[in-house]
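K.L.:
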Amino acid sequence: MRIRPATAAELPALQDIERAAGAPFRDLGMPEIADDEPPALDVLERYREAGRCWVAADERDHPAAYLVAEPVDGALHIEQVSVHPRAARRGVGRHLLAHAADRAREEGLSALTLTTFAEVPWNAPYYARLGFRTLSEADLTPGLRRIRATEAEHGLDRRPRVCMRAPL
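Sequential numbering from 1 applies to the sequence shown in UniProt numbering.
Spelled out as structure tokens, the structure:
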């Protein structure tokens, strides 16, 4: 898979990837997450225009996964990383995160951060294997606190969530 910037024409495909990637949450008894709508096209376009929307493209150059991020308090915050189930368990998410880490280093940022479900096997346990560590409430930056508050407004706090950080 080749990591590259997303094109404007691909943004609807990223929404499709998000929907497909959410489906396994249903098997964990989390239908509200499986049914959650992906980011709107205008939101994805803002990330793309800012140069912070990357895809992992397959051999036909079609997106199989994507990642969007933004700087938050001196770190690059991973807002979303989604891998289509057809491309899962092949290191695609890891490669996208490595690409984001490289871009963050180039910008002089000190870490990657993200928020995720604590008990979902392909969430916090997966990120921990990649070097992310769970932040305590006291370690949250103001920006991460705002992100968590926004997630709570959207009902994501009904299941245990954590903020995680990987130093660069």
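Here a beta-carbon is modelled for each residue, glycine too, at the ideal position from N, C-alpha and C.
Small disclaimer: the values here were computed from a predicted structure and weren't measured.
What residue does the beta strand (DSSP E) around R105 start on, and which one ends it?
P.N.:
R105 -> not in any beta strand (DSSP E); alpha helix (DSSP H) instead, spanning 92-106.
K.L.:
Taking P38 as the reference, which of R19, A9, R26, R52 has the closest Cα?
P.N.:
Nearest C-alpha to P38: R19.
K.L.:
Just the Cα atoms here: how many angstroms apart are R4 and G143?
P.N.:
Answer to the nearest angstrom: the Cα atoms are 27 angstroms apart.
K.L.:
Using only the alpha-carbon positions, how far apart do L14 and E137 sit?
P.N.:
Roughly 32 angstroms separates the two Cα atoms.
K.L.:
At the level of alpha carbons, what is the spacing between L44 and E79?
P.N.:
One C-alpha to the other measures close to 11 angstroms.
K.L.:
Hey, is the stretch 116-123 in contact with the stretch 47-58, meaning 3+ C-beta pairs nearer than 8 angstroms?
P.N.:
Counting Cβ pairs under 8 angstroms, fewer than three are found: no touch.
K.L.:
How close, in whole Å, do the beta carbons of residue 212 and I17 come, if the pair is a contact with beta carbons under 8 angstroms?
P.N.:
Nothing about residue 212 can be read from this structure; the chain reaches only from 1 to 168.
K.L.:
Nearest-angstrom Cα distance between A6 and G131?
P.N.:
Rounded to whole angstroms, A6 to G131 spans 26 angstroms at the Cα level.
K.L.:
By Cβ distance below 7 angstroms, which residues in the same chain neighbour H84 in space, the five residues on each side in sequence not counted?
P.N.:
I17, A20, A21, A64, A65, listed in sequence order.
K.L.:
DSSP state of V120, grouped into three classes?
P.N.:
V120 falls in the coil class under three-state DSSP.
K.L.:
Name the residue from T113, A69, A88, R26 whose alpha carbon lies nearest to the alpha carbon of T141.
P.N.:
Nearest of T113, A69, A88, R26 to T141, Cα basis: T113.
K.L.:
Taking C-alpha atoms, which residue in A166, D27, R133, T116 lies nearest to R158?
P.N.:
Here the closest residue by C-alpha is T116.
K.L.:
CB H77 to CB I147, shorter than 8 angstroms?
P.N.:
In this structure, I147 lies closer than 8 angstroms to H77 by Cβ.
K.L.:
Return the residue from the list P167, L168, L135 that minimises the CA-CA distance to R161.
P.N.:
Nearest C-alpha to R161: L135.
K.L.:
Would you report the Cα separation of H95 and E153, rounded to the nearest angstrom?
P.N.:
H95 and E153: Cα-Cα distance of roughly 31 angstroms.
K.L.:
Is DSSP giving E49 helix, strand or coil here?
P.N.:
Helix, per DSSP.
K.L.:
Should R48 be labelled buried (16 or more other beta-carbon atoms within 10 Å of its own) or exposed?
P.N.:
So R48 ends up on the buried side.
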